[in-house]
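Step one of this worksheet: look at the structure below.
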Amino acid sequence: MRTAKELLKELSYKVLQGDENREIADLVYNTKEVKEKCLFVCIEGAVFDSHGAAEEIGERGACVLVVQRPVKVRKDVTVVLVENTRYALALISAAYFFYPAQRLKVIGVTGTKGKTTATYMIRSILERAGIPTGLMGTIEIITGREHIPAGNTTPESYVIQKALARMVEAGCQVAVMEVSSQGLMLHRTAGIPFEIGIFTNIAPDHIGPNEHESFEEYMAWKGKLFRQCKLGLVNVDDAHWRQVLEGHSCRLETYGFSREAQLRAEQLELVNRPGYLGVRYQASGLLEAQVEMDLPGKFSVYNSLAALGVCRHFGIPRESMVEALKGAQTKGRIERFPLPKDFTLLIDYAHNAMSLENLLLTLREYHPCRLVCVFGCGGNRSRLRRFEMGQVSGRLADFTIITSDNPRFEEPLDIIQDIKTGIQKTEGTYVEIPDRREAIRYALEHGRPGDVIVLAGKGHEDYQEIKGVKYPMDERILIGQILKELGWDCPDQV
Numbered sequence: 052m053r054t055a056k057e058l059l060k061e062l063s064y065k066v067l068q069g070d071e072n073r074e075i076a077d078l079v080y081n082t083k084e085v086k087e088k089c090l091f092v093c094i095e096g097a098v099f100d101s102h103g104a105a106e107e108i109g110e111r112g113a114c115v116l117v118v119q120r121p122v123k124v125r126k127d128v129t130v131v132l133v134e135n136t137r138y139a140l141a142l143i144s145a146a147y148f149f150y151p152a153q154r155l156k157v158i159g160v161t162g163t164k165g166k167t168t169a170t171y172m173i174r175s176i177l178e179r180a181g182i183p184t185g186l187m188g189t190i191e192i193i194t195g196r197e198h199i200p201a202g203n204t205t206p207e208s209y210v211i212q213k214a215l216a217r218m219v220e221a222g223c224q225v226a227v228m229e230v231s232s233q234g235l236m237l238h239r240t241a242g243i244p245f246e247i248g249i250f251t252n253i254a255p256d257h258i259g260p261n262e263h264e265s266f267e268e269y270m271a272w273k274g275k276l277f278r279q280c281k282l283g284l285v286n287v288d289d290a291h292w293r294q295v296l297e298g299h300s301c302r303l304e305t306y307g308f309s310r311e312a313q314l315r316a317e318q319l320e321l322v323n324r325p326g327y328l329g330v331r332y333q334a335s336g337l338l339e340a341q342v343e344m345d346l347p348g349k350f351s352v353y354n355s356l357a358a359l360g361v362c363r364h365f366g367i368p369r370e371s372m373v374e375a376l377k378g379a380q381t382k383g384r385i386e387r388f389p390l391p392k393d394f395t396l397l398i399d400y401a402h403n404a405m406s407l408e409n410l411l412l413t414l415r416e417y418h419p420c421r422l423v424c425v426f427g428c429g430g431n432r433s434r435l436r437r438f439e440m441g442q443v444s445g446r447l448a449d450f451t452i453i454t455s456d457n458p459r460f461e462e463p464l465d466i467i468q469d470i471k472t473g474i475q476k477t478e479g480t481y482v483e484i485p486d487r488r489e490a491i492r493y494a495l496e497h498g499r500p501g502d503v504i505v506l507a508g509k510g511h512e513d514y515q516e517i518k519g520v521k522y523p524m525d526e527r528i529l530i531g532q533i534l535k536e537l538g539w540d541c542p543d544q545v
């Protein structure tokens, strides 16, 4: 066992009482997990502040408490004062797991959109080239062969360090992770020496109570990644990239369509055939390659440029990178479900007006016979989002099927009414089918040759949350069941 002093060595701190040389049996930050002889880090959360439970935590066996303000505990408990306990938890966790990030090349991806797809593309290329790579993000944590469903885009620092340690144990050489502005603001990635940081793009998002006060603050926290990495890869086409990168301490490489980009996409073509929407382009500058992907839209090109920009630093042959991108798919991100019909079915996580608009504008570029959008909105979230998404779908889709998403503690019909309020401000036609399974069935039964049907909002999720209970519901499984009921050939789909 190690002592508290050993785990605190990267921090500035003051011992308020007790002995910092106490041996530590475990590191804990959740009051439900207090153990004998643990070091407990008190966190001031949005809902609960464990400083207020300090006395009870000490009574239950914690021998060391790390706090950011004085607390009252029994005399035999060591109390250590730090400036910020979230920052302290990150550095203590790194020490507790023997600094796993120092034994990996860690790649961080930040931005409003594209983080998830970019991380999967990077991992796909590296793995194909024989470089074992772990992943952390919105969908899951991959530590070698282990796949763990994710709770947050960027999890708590203890979870990050534990996952990085598992990757090291599994023989991974690289870790690629999504880095959210919240994760940076809450110091979850503090102390990680990022090899490469990627900036995809930025737009006003996550602004409000318990998130960011303004767009300027949102940009500032995104930029923190580029004071923590050796190399920054930047989408130079984004209007705000200079503001985000202000004060950066890393060397930079740029990508995009712009002539000033060091890694450029040129000669873009949209590839459209029954059941297939893709892109083809010429990569130029830092890397010369002809690229084609089974993913639609310009944003797919940006994500692939970011992946190429990273992977060229690992000495991977150009042909291997191109081949890996050709079949790259990310669960719930413009994910194509193969059908035995002459129309295209896509599943996407678009769950706000901005992401839905980007998705539908992209799909319109392929000139479908009809663009059909099936979506709902989550309960106990901003009502404004519902009005906005209704307007977006009414304006850009040829036909909308309004259904349920995660109603949570609200009534699905109340949410649908708000969506209708938005869609009725447009000339868009729609039907409402509250049962999501029946809505998908209706879309499939009424599909026409040349249609593009997109199921928006759920993406990678495999549940539907109703009245505080998460019921199993994976759209891929629902589609498979419906195809069998309709007597259509059901292709294998992972």
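Using our numbering, the first residue of the sequence shown is number 52, and each one after it goes up by one. All C-beta atoms, glycine included, are put in the ideal place defined by N, C-alpha and C.
Spatial neighbours of residue i within its chain, please: CB distance less than 7 angstroms, with the 5 preceding and 5 following residues excluded, ordered by chain position.
i, result
"Leu-42", "Residue 42 falls outside the range modelled here, since the chain spans only 52 to 545, and no answer is possible."
"Gly-441", "Ile-470, Lys-471, Thr-472, Gly-473 and Ile-474"
"Arg-310", "none"
"Thr-12", "There is no way to answer for residue 12, as the model of the chain reaches only from 52 to 545."
"Ile-533", "Ile-491, Arg-492 and Leu-495"
"Pro-458", "Gly-430, Ile-466 and Ile-517"
"Arg-437", "Cys-428, Ile-466, Asp-469, Ile-470 and Gly-473"
Which residue comes first and which comes last in the beta strand (DSSP E) that contains residue i?
i, result
"Ser-335", "327-336"
"Gly-159", "156-161"
"Ile-249", "245-250"
"Glu-197", "197-200"
"Asn-323", "314-324"
"Gly-274", "Taken as a continuous stretch (DSSP letters only), Gly-274 belongs to no beta strand (DSSP E), being part of the alpha helix (DSSP H) at 266-274."
"Cys-362", "It is not in any beta strand (DSSP E) - Cys-362 instead sits in the alpha helix (DSSP H) that spans 349-362."
"Gln-233", "Run containing Gln-233: none in the beta strand (DSSP E); it sits in the alpha helix (DSSP H), 232-236."
"Lys-281", "280-286"
"Glu-304", "302-307"
"Glu-61", "From DSSP, Glu-61 is part of no beta strand (DSSP E); its letter is neither H nor E."
"Ala-254", "Taken as a continuous stretch (DSSP letters only), Ala-254 belongs to no beta strand (DSSP E), as it is neither H nor E."
"Ala-340", "340-344"
Cβ of residue i within 8 angstroms of Cβ of residue j?
i, j, result
"Thr-189", "Tyr-353", "no"
"Val-505", "Leu-410", "yes"
"Gly-360", "Leu-396", "no"
"Val-404", "Gly-508", "The question names Val, but residue 404 is Ala in the sequence shown. It is not a contact, given that the beta carbons lie outside the stated cut-off."
"Pro-523", "Asp-513", "yes"
"Tyr-171", "Ala-379", "yes"
"Thr-454", "Gly-427", "yes"
"Lys-156", "Glu-220", "no"
"Leu-407", "Ala-357", "no"
"Arg-193", "Leu-186", "In the sequence as displayed, the identity of residue 193 is Ile instead of Arg. Cβ distance < 8 angstroms, so Ile-193 and Leu-186 count as in contact."
"Val-131", "Ala-113", "no"
"Ala-141", "Ala-241", "yes"
"Arg-446", "Gly-498", "no"
"Val-342", "Ser-355", "yes"
"Val-423", "Asp-449", "yes"
"Val-301", "Ile-173", "Here residue 301 turns out to be Cys, not Val, going by the sequence shown. No."
"Ala-139", "Val-117", "yes"
"Phe-149", "Lys-213", "no"
"Arg-369", "Leu-412", "no"
I'd like to confirm the pairing. Which residues does DSSP put opposite residue i in its beta bridges?
i, result
"Ile-19", "Because the chain here runs from 52 to 545, residue 19 falls outside it and cannot be looked at."
"Phe-450", "Val-423 and Thr-480"
"Val-225", "Lys-156 and Thr-184"
"Arg-459", "Ile-517"
Output needed for residue i: all residues of its chain with C-beta closer than 8 angstroms, excluding positions within five of it in sequence on either side, in chain order.
i, result
"His-291", "Ile-253 and Met-270"
"Gly-519", "Arg-459 and Phe-460"
"His-299", "Gly-274, Phe-277, Arg-278 and Gly-283"
"Arg-196", "Ala-221"
Here's a check: name, in chain order, each residue in its chain whose Cβ is nearer than 6 angstroms to the Cβ of residue i, leaving out the five neighbours to either side.
i, result
"His-511", "Ile-190, Lys-382 and Gly-383"
"Leu-90", "Ala-55, Ile-75, Leu-78 and Val-115"
"Glu-320", "Arg-331"
"Ile-530", "Phe-388"
"Glu-61", "Leu-142"
Taking the alpha helix (DSSP H) that residue i falls in, what are its first and last residues?
i, result
"Ile-551", "With the chain covering 52 to 545 only, the question about residue 551 has no answer from this structure."
"Tyr-171", "166-179"
"Lys-213", "208-220"
"Arg-293", "292-295"
Please tell me whether, using a cut-off of 7 angstroms, the distance from the CB of residue i to the nearest non-hydrogen atom of the ligand GTP is below it.
i, result
"Glu-61", "Absence of the ligand GTP is noted for the structure shown, with no ligands found whatsoever."
Whole beta strand (DSSP E) elements within the stretch 365-446, 3-residue minimum: Counting only runs of 3+ residues, the beta strand (DSSP E) found wholly inside the stretch 365-446 occupies 386-388, 395-399 and 422-426, in chain order.
Please give the ranges of any beta strand (DSSP E) in the stretch 465-530, keeping only runs that are unbroken, at least 3 residues long and fully inside the region. 480-483, 503-507, 514-517 and 520-523
Ordered list of beta strand (DSSP E) runs contained in the stretch 67-142, each at least 3 residues: 77-79, 89-92, 115-118 and 129-132
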